[in-house]
Every structure is written in structure tokens, then in C-alpha cells.
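With mature numbering (1 follows the signal peptide of the UniProt record, and there is no 0) applied, the sequence shown corresponds to residues -16 to -1, 1 to 269, in that order. To keep things clear, I will list the structure first and then write my remarks on it.
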Amino acid sequence: MCMVIFAPIFAICAFATCGGYYGHLQVKVDCADRRQNNRSINIDFGYPFRLQQVHFKAPLCKENRDEIIFLEGDFSSAAQYFMTVGVFAFLYSLLATIVYVFYQNKYLKNNRGPLVDFVVTIIFSFMWLVSSCCWAKTLSDIKTATNPTQVLLLITSCRAQENKCAATEEPLWSRLNTSVVFGFVNVILWSGNIWFVFKETGWYKTGQRYPTRSASGKRSGSMRQRLYSESSFDQPEENFLQRQASINQSQVSFSLPQTYLGKPVIYDREDKVASQGPMIFVNEM
């Protein structure tokens, strides 16, 4: 099965690229009064993306002190759900691999194994679809919440036009984008595997054992049967005619000796002709 080979690999790639993400954002604040010039601020965030717990210190240009600012948004639910589906899909794939290899007889016994596998595959296909869609939408919201423009608006000093603020380093999103791609790859993989698991169930075998015939199928079957019957009966008749012709030819070639009556001749005791009777002449072939 394709699930045995590829499902554990793509499941690992999905939750590993999501769970191990680490993002870094750096902004710079220049105050107009030159009290705090070129102040760099580092903002770090990562899985499970509870951004409301991520805080940093920003300078207050008018006052000689710092303020504590928190990012906005809690995106942990979708990220953790995506991770949970990936981990459980990986564990189930390993369990299915062990059963397929070492317990094939018990798997096929009473048809319980294929039925359970069929139901679980449908459930995981649906869960991968939901989690991947939710995670794709959540990733878009995370990018918006950590956008340098959005973060600079949270800083009080950056709202003043006389101060200069800019982003010097932005987070890289390639790893999280890859996790979304792997999520939808798992959707395709598990959805396609439904057919292969269904073939192992008794429902598929019952349909193969007792196929339903349509009206066109019945007509074509009756037509083939009639043609077969006609051809099967025509052939012995032709053989019979051939044998009859050969017999007639043999009868024509074989004929009995021809006989005819001549004038009667009479013999006496002295071997003289006394009277004549019918004479028989035989023409030998």
C-alpha cells in the first residue's frame, strides 16, 4: 500500500516543519530628540504562536524610559490541531505497517481489520483536510500580526511623525509555507488510499462476486449466446453434408456386376445342343 511507504514520511514532514518553527523580527527606532538613537528591538516568536504572550521593550522618546508591548493574537488552537493530526497519523501509519507485515492473517480474519482500516482512513482524510485548511488560514493571520508595519504601529514612539522607525529584519516564512503544502499532500495521500483499503473489505469482494448486469449488457450477452448457438449447430450440419457427399461418391464408384439374358441353349447328355434356354453373361468389372 502507498500509505505504508509515504504516509509516515509526509506526516513527519508536516508536523516537523510546523512545530520546529522559530521566527525573528527586528525593528529600529530613532528618536527625534536624540535621547535614544538607533535603538534596535528584537522580537522572537514560534510554535504554538501565542503571540499575546510575546512582549518586547520599546523606547519612549519623550520620556527617558521604556514601555513593554505585547503582540496581538492567539493562534495556538489551529497550530496544535495540525500538529496533533500529524503525530497521530504518523503513529497510526507505523501501526498499520507492523500489522500489514507481521499480522497479515489476523488482519484479514473475519474482515474486521480491513473494515477498521477503511473507517480510520476516512477519518484521517477528513481531519487532514480540516486541519490543513485551518492552518493555512491561521498562517495568513500570523503573517499579518507579525508584519513589520503592524508591529511598528504598536510602538508609541513610532506613531509620532518626528520619530523614524523601520524594520531591519523580517521573519522567514518558507518553513511554515512548506508545512501547509505537506498538509494538503497528506490530504491527497490519505484520500487516495481510501480506494486501496476499500478493495480489501468484503464490500468490494461482494460486488465482484455478484456483479449487476445492465440492460445493454443483457442484450449483448443474449446476442453472443445466439451467435454461439447458431455457429455451433451450423458446423455439425456442414460436417454431415460433407460426409453424405463422400458416401454418395463411394456409392457411385462401387457397382455390382452387370448381367443380361442371352438366347436359350439346350444341352443333351452327349454335350450336344438339344434345346436352348436362357443364357446368363456376366461382365466382370
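Glycine residues also receive a C-beta, built at the ideal position from the N, C-alpha and C atoms. Here the structure is a predicted model, which is why all the values come from computation and not from measurement.
_Whole-Å CB distance - alanine 63 paired with tryptophan 119, under 8 Å assumed_ = If you number the sequence shown from 1, residue 63 lands on position 79. If you number the sequence shown from 1, residue 119 lands on position 135. Confirmed, Cβ separation roughly 7 Å.
Straight-line gap, lysine 90 to valine 83 (C-alpha atoms, nearest Å): Counting from one through the sequence shown, the residue named residue 90 turns up at place 106. Counting from one through the sequence shown, the residue named residue 83 turns up at place 99. Each residue's alpha carbon lies about 8 Å from the other.
* Asked: Taking one C-beta from the stretch 106 to 123 and one from the stretch 167 to 179 each time, how about it: are there three or more such pairs within less than 8 Å?
  -> yes
Exercise. Taking 8 Å as the threshold, find out whether the stretch 1 to 17 comes into contact with the stretch 26 to 39 through three or more Cβ pairs.
Key: yes
(request) Compare the C-alpha of isoleucine -5 against each of Ser77, Phe40 and Glu154 and name the closest. (result) Residue -5 sits at position 12 when you count from the first residue of the sequence shown. Comparing Cα positions, the closest option is Ser77.
- Item | Environment of serine 61 [buried if 16+ CB atoms lie within 10 Å] | Taking the sequence shown and counting its residues from 1, the one referred to as residue 61 is at position 77. Classification of serine 61: exposed, given that the 10 Å Cβ count is below 16.
*State the beta-bridge partners of proline 32 as determined by DSSP.*
Translated into positions along the sequence shown, residue 32 becomes position 48. None; proline 32 has no bridge partner.
* Please check the pair phenylalanine -7 and asparagine 170, which I expect to be a contact at CB under 8 Å, by giving their CB distance rounded to whole angstroms. => Position 10 of the sequence shown holds residue -7. Position 186 of the sequence shown holds residue 170. Right, their Cβ atoms sit about 5 Å apart.
Next item on the list: Could you check the C-alpha separation between proline 43 and proline 32 for me, to the nearest Å?
Entry: Start at 1 with the first residue of the sequence shown, and residue 43 comes out as number 59. Start at 1 with the first residue of the sequence shown, and residue 32 comes out as number 48. The alpha-carbon atoms of proline 43 and proline 32 are separated by roughly 28 Å.
For alanine -10, which option in Ala80, Phe66 and Lys148 has the closest C-alpha, if you only look at C-alpha atoms? The residue given as residue -10 occupies position 7 in the sequence shown. The shortest C-alpha separation from alanine -10 is found at Ala80.
Rounded distance between the beta-carbons of glutamine 36 and aspartate 58, thought under 8 Å: Looking up residue 58 in the sequence shown gives position 74. Looking up residue 36 in the sequence shown gives position 52. Yes, aspartate 58 and glutamine 36 are in contact; Cβ-Cβ is about 5 Å, under 8 Å.
*asked:* Using a 10 Å radius around the Cβ and a threshold of 16 neighbouring Cβ atoms, would you call threonine 130 buried or exposed?
replied: Locating residue 130 in the sequence shown gives position 146, where the first residue counts as 1. By the 10 Å Cβ count, threonine 130 comes out buried.
Please list the terminal residues of the continuous alpha helix (DSSP H) segment that includes glutamine 10. Here residue 10 corresponds to residue number 26 of the sequence shown, with the count starting at 1. Counting along the chain, glutamine 10 falls outside any alpha helix (DSSP H), though it belongs to the beta strand (DSSP E) covering 6 to 14.
- Task: Classify cysteine 45 as helix, strand or coil using the three-state DSSP reduction.
- Result: In the sequence shown, counting from the first residue as 1, residue 45 sits at position 61. Residue state, collapsed to three classes: coil.
When DSSP builds the beta bridges, which residues end up paired with glutamate 51?
Here residue 51 corresponds to residue number 67 of the sequence shown, with the count starting at 1. Answer by DSSP bridge pairing, in chain order: Ala42.
Kindly give me the distance between the Cβ atoms of valine 11 and alanine 150, rounded to whole angstroms, as I take these residues to be in contact under 8 Å.
-> For the purposes of this step, residue 11 is identified with residue 27 of the sequence shown, where counting begins at 1. For the purposes of this step, residue 150 is identified with residue 166 of the sequence shown, where counting begins at 1. Correct: roughly 7 Å between the Cβ atoms.
**Asked** According to DSSP, is valine 26 helix, strand or coil?
**Response** Residue 26 sits at position 42 when you count from the first residue of the sequence shown. Note on residue identity: the sequence assigns asparagine, not valine, to residue 26. Note: asparagine 26 maps to strand in three-state DSSP.
| Taking DSSP as the reference, what is the three-state secondary structure of aspartate 58? | The count along the sequence shown starts at 1 and reaches residue 58 at position 74. Aspartate 58 falls in the strand class under three-state DSSP.
Please report how far the alpha carbon of valine 164 lies from the alpha carbon of alanine -3, in whole angstroms. If you number the sequence shown from 1, residue 164 lands on position 180. If you number the sequence shown from 1, residue -3 lands on position 14. Their Cα atoms are separated by approximately 7 Å.
**Q.** Other residues of its chain near threonine 128: CB distance less than 7 Å, five sequence neighbours each side excluded
**A.** Walking along the sequence shown from the start, residue 128 turns up at place 144. So the qualifying residues of the chain are Gln134.
* Selected residue, minimal CA-CA separation from lysine 183, among Lys148, Asn147 and Gly97 -> For the purposes of this step, residue 183 is taken as the residue at position 199 of the sequence shown. The residue with the shortest Cα to Cα distance from lysine 183 is Gly97.
- Task: Over the uninterrupted beta strand (DSSP E) stretch that includes lysine 148, give me the two end residues.
- Result: Taking the first residue of the sequence shown as 1, we reach residue 148 at position 164. Taken as a continuous stretch (DSSP letters only), the beta strand (DSSP E) holding lysine 148 covers 148 to 153.
Nearest-angstrom Cα distance between alanine -1 and asparagine 48? The residue labelled residue -1 in the question sits at position 16 within the sequence shown. The residue labelled residue 48 in the question sits at position 64 within the sequence shown. So the alpha carbons of these two residues sit roughly 44 Å apart.
task = Locate the alpha helix (DSSP H) running through asparagine 170, then write down its first and last residues.
result = Translated into positions along the sequence shown, residue 170 becomes position 186. First-last of the alpha helix (DSSP H) with asparagine 170: 158 to 182.
Point to revise | C-alpha distance - leucine 137 paired with phenylalanine 40, whole-angstrom precision | key: By 1-based counting over the sequence shown, the position of residue 137 is 153. By 1-based counting over the sequence shown, the position of residue 40 is 56. Leucine 137 and phenylalanine 40: Cα-Cα distance of roughly 14 Å.
- request: Please list, in chain order, all residues of the same chain as lysine 148 whose beta carbon is under 7 Å from its beta carbon, the five residues on each side excluded.
  value: Indexing the sequence shown from 1 puts residue 148 at position 164. Asp14, listed in sequence order.
Q.
If I follow the unbroken alpha helix (DSSP H) through lysine 127, where does it start and stop?
A. Within the sequence shown, the letter at position 143 stands for residue 127. Counting along the chain, the alpha helix (DSSP H) containing lysine 127 begins and ends at 96 to 129.
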